[in-house]
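Numbering (my numbering), first residue to last: 2 to 341.
Notes to accompany the following structure.
Laid out in structure tokens, this is it:
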């Protein structure tokens with residue numbers, strides 16, 4: 002008959018309790034990130050479909066091809082971050098509970114961190130660079146909405162550049178995050194101003210709310226939601242001890258969010274623009290647009306393929322005001338106003 006096992010010492014019991022808490026906290030991050038990568042996969046598939054289904058442009062233009070590459074890159078990095086989190090969690094389990102039977106319990110947490118330290122550095126670098134690439138998508142979208150006027154990007158571009166420079170210095174990762182947040186806030190505000198101007202113009206012309214109003218509103222609303230989700234990320238840069246469970250659990254939740262949302266939001270912007278609506282921004286006739294005039298055309302994807310049977314309207318904006326021209330079979334009229 003076997004003798005009963007000796008009870009755990011108080012020290013060993015305390016360390017096993019600590020290991021349980023540590024693994025539970027790490028699992029929270031992985032659960033959150035797994036749910037988000039599943040949602041991201043749906044958004045990514047929608048983005049790819051939006052490129053393929055765009056029968057007019059597809060990926061034949063240089064801009065569309067670059068954007069497709071960016072979308073794929075953002076998703077691949079997010080997927081790699083999720084895989085690395087799975088690997089580091091498994092290695093932590095193995096080191097704390099199954100490996101090194103002769104290693105005293107107090108020494109196992111340090112050994113687990115030592116084994117995973119290379120992964121931690123790579124994960125931080127991938128996340129921050131993904132953040133910078135995602136911000137560049139927002140800068141590009143703002144630039145397009147403002148008719149490719151370079152001066153619009155001076156301030157948000159400076160914020161983005163500062164964030165990129167800070168990224169190159171590991172101790173300033175918090176600064177990089179802060180300037181990234183500033184870039185998103187400024188770009189979202191700029192899109193909001195353009196949405197307000199466009200809505201004001203359509204009301205003046207007694208037009209119903211158009212799809213362009215809807216897409217601009219979606220871009221503004223999603224931008225502010227993203228910023229609201231981005232602000233709590235500051236907790237991930239605080240030196241929070243694991244013993245402070247009230248702060249460490251939220252930190253792990255935010256870690257799971259940040260790895261995925263930095264690529265998910267730019268991809269969502271592409272889906273909103275490509276899948277639901279088609280917006281053409283092009284220069285007006287060179288004989289008319291010598292003074293920074295631009296033409297903005299809005300059309301349904303179906304009408305783009307059937308110019309002969311559908312009416313198309315163009316809204317022409319310049320420094321002095323705006324005019325609208327409606328064209329179709331045997332139809333041509335224009336309205337305009339000038340701001341005082």
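Beta carbons: idealized from backbone N, C-alpha and C, even for Gly.
Does the count of Cβ pairs from the region 15-31 and the region 119-132 closer than 8 Å reach three?
These segments do not touch.
Is the beta carbon of residue 191 sitting closer than 8 Å to the one on residue 134?
Going by C-beta atoms, residue 191 is not nearer than 8 Å to residue 134.
The alpha helix (DSSP H) that contains residue 199, what's its start and end?
174-205 is the span of the alpha helix (DSSP H), which, as asked, contains residue 199.
Where does residue 70 fall in DSSP's three states?
Three-state DSSP puts residue 70 in a helix.
Let's see if you can read the secondary structure: which residues bound the alpha helix (DSSP H) around residue 132?
Note, residue 132: alpha helix (DSSP H), 109-146.
Buried or exposed (CB count within 10 angstroms, at least 16 for buried), residue 199:
It is buried - the Cβ of residue 199 has at least 16 other Cβ atoms within 10 Å.
Measuring only the C-alpha atoms, how far is residue 137 from residue 88?
Residue 137 and residue 88: Cα-Cα distance of roughly 30 Å.
Should residue 333 be labelled buried (16 or more other beta-carbon atoms within 10 Å of its own) or exposed?
For residue 333, the predicted model reports a pLDDT of 44, less than 50, meaning its position is unreliable; a value from the coordinates is still stated below. For residue 333, the number of other beta carbons within 10 angstroms of its own is below 16, and it is reported as exposed.
Unbroken alpha helix (DSSP H) run spanning residue 54, endpoints:
First-last of the alpha helix (DSSP H) with residue 54: 11-54.
Here's a check: name, in chain order, each residue in its chain whose Cβ is nearer than 6 Å to the Cβ of residue 233, leaving out the five neighbours to either side.
Closer than 6 Å at Cβ, skipping near neighbours: 255.
Rounded separation between residue 21 and residue 86 - CA only:
Each residue's alpha carbon lies about 18 Å from the other.
State the Cα-Cα distance for the pair residue 66 and residue 108, rounded to the nearest angstrom.
Cα to Cα, residue 66 sits roughly 51 Å from residue 108.
When you compare only the Cα positions, how much space is there between residue 217 and residue 144?
Distance between the alpha carbons of residue 217 and residue 144: 14 Å.
With DSSP collapsed to three states, give me the class of residue 103.
Residue state, collapsed to three classes: coil.
Are the beta-carbon atoms belonging to residue 272 and residue 42 less than 8 Å from one another?
Contact: no.
Using the Cβ count rule (16 or more neighbours within 10 Å means buried), how would you classify residue 105?
Counting Cβ neighbours within 10 Å, residue 105 comes out exposed, since fewer than 16 surround it.
Endpoints, alpha helix (DSSP H) assigned at residue 273:
Boundaries for residue 273: no alpha helix (DSSP H) harbours it, and the DSSP string shows neither H nor E there.
Skipping 5 residues on each side, what residues in its chain have a beta carbon closer than 8 Å to that of residue 174?
Taken in chain order, the residues that qualify are 125, 129, 167, 168 and 238.
Alpha carbon to alpha carbon, how far is residue 99 from residue 270? Give it in angstroms, no decimals.
So the two alpha carbons sit approximately 45 Å from each other.
Three-state class that DSSP yields for residue 240 in the structure shown
Residue state, collapsed to three classes: coil.
If you run the structure through DSSP and keep just helix, strand and coil, what is residue 245?
It is coil, neither helix nor strand.
Keeping to the same chain, check which residues put their C-beta closer than 7 Å to that of residue 180; ignore five residues upstream and five downstream.
Result list for residue 180: 160, 163, 164 and 167, in chain order.
Can you tell me which of 221, 260, 63 and 17 puts its alpha carbon nearest to the alpha carbon of residue 96?
Selection 221, 260, 63 and 17 evaluated against residue 96 yields 17 as nearest (Cα-Cα).
Within the 8 Å Cβ cut-off, does residue 109 reach chain D?
In the displayed structure, chain D is absent; only one protein chain is listed.
Looking at the unbroken alpha helix (DSSP H) that takes in residue 216, where does it start and where does it end?
Its alpha helix (DSSP H) spans residues 212-231.
How big is the Cα-Cα spacing for residue 83 and residue 204?
Between residue 83 and residue 204, the C-alpha separation is close to 47 Å.
Rounded separation between residue 243 and residue 23 - CA only:
Their backbone Cα atoms lie some 7 Å apart in a straight line.
Reference residue 253; option with closest CA among 263, 241 and 264:
The candidate whose alpha carbon is nearest that of residue 253 is 241.
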